[in-house]
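J.: First the structure, which I've put down as structure tokens, then a few questions once you've had a look.
In my numbering, the protein residues as written are 6 to 98.
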């Protein structure tokens, strides 16, 4: 199911230029998604006062799962970037 995404992610992570561009892109999209999640949470809270809010809670859960996936990808790319940068330095004994 995710094999195409995995292959594309591996190729992108191996290329330093594309990896740096993706880190920048994911950082911006993550910030926007965070504020969308906060808005959905507020809508779910307000809707719960009126006896509904199921759709808003499901939307909030979906957005949070996408946010956590994006956060995971961003951390992995930053770790690869750090390892790549430290791999170029001479080891100290």
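We put the CB at the ideal spot given by N, CA and C, even for glycine.
#1: Is the region 38-54 touching the region 64-73 in the sense that three or more CB pairs, one from each, lie closer than 8 Å?
#2: How would you call residue 49, buried or exposed, if buried means at least 16 neighbouring beta carbons within 10 angstroms?
#3: Quick one: what does DSSP say residue 77 is sitting in, helix, strand or coil?
#4: Could you tell me if residue 55 is buried or exposed, where buried requires 16 or more neighbouring beta carbons within 10 angstroms of its beta carbon?
#5: Residue 55 lies in the alpha helix (DSSP H); which residues open and close that run?
#6: Excluding the five sequence neighbours on either side, which residues of its own chain have a C-beta within less than 7 Å of the C-beta of residue 28, listed in chain order?
#7: Short of 8 Å in beta carbon distance, which residues of its chain neighbour residue 38, apart from the five on each side in sequence? Order them along the chain.
T.: Working from what's here:
#1: Flag = yes, the region 64-73 and the region 38-54 touch.
#2: Sequence index remark: in the chain shown, residue 49 carries index 44 (1-based). Buried is the call here.
#3: In the chain shown, counting from the first residue as 1, residue 77 sits at position 72. DSSP places residue 77 in helix when its eight states are reduced to three.
#4: Residue mapping note: residue 55 aligns to position 50 of the chain shown, counting from 1. Looking at its Cβ environment, which holds fewer than 16 other Cβ atoms inside 10 Å, residue 55 is exposed.
#5: As a position in the chain shown, residue 55 is number 50, starting the count at 1. First-last for residue 55: undefined, no H or E at that position.
#6: In the chain shown, the residue the question calls residue 28 occupies position 23. 79, 82, 83 and 86, listed in sequence order.
#7: Here residue 38 corresponds to residue number 33 of the chain shown, with the count starting at 1. Same-chain partners within the cutoff: 68, 71, 72 and 75.
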